[in-house]
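Residue numbers for the sequence shown follow our numbering, beginning at 181 and rising by one. Don't be surprised by glycine CBs; every beta carbon is placed ideally from N, CA and C. Read the structure below first, then the notes.
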Amino acid sequence: MQQLPGLEDDTAFHAEVEAKATVYKAFRCYYIAEVLSGLKRWREAEALLRRAESYTQSASKCAEPEIKKSLTKLKDDIDSARYTALANAALQDEQPQSPQPQTQ
């Protein structure tokens, strides 16, 4: 779409497309992290939440006002989910591992 005739040199259009793509990446990372949390894969969820937070920060610099509003809500949701994932990961690390059956 960015290579359509007449739009190749439109820097404002390119910036808007990049900002929207970054917003979608942030939401995608957040929702995948939610799925991983449901599967109790806390470390992977926390990593994706960090990435979502990074995307949110970079997208909020150049996003439209209505998108910034949803990014603010997403950032709050990311923070909440991230701290939950960190706490659960710490609790999971403290639990004793069940012994593996030995095969001979």
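For a cut-off of 8 angstroms, the C-beta gap from L266 to E226 is around 6 angstroms, short enough to register as a contact.
In the structure shown, L254 falls within a helical segment according to DSSP collapsed to helix, strand and coil.
In the DSSP assignment, C209 falls within the alpha helix (DSSP H) that extends over T191 to G218. Between I247 and L228, the CB-CB gap reaches or exceeds 8 angstroms. Following the DSSP letters along the chain, one finds E244 in no alpha helix (DSSP H), marked with neither H nor E. Between Y210 and A232, the C-beta spacing is below 8 angstroms. Residues of the same chain with a CB within less than 7 angstroms of the CB of A239, apart from the 5 flanking positions on each side, are A199, T202, V203, A206 and L251 in chain order. Secondary structure note for R221: it is in no alpha helix (DSSP H), with a DSSP letter that is neither H nor E.
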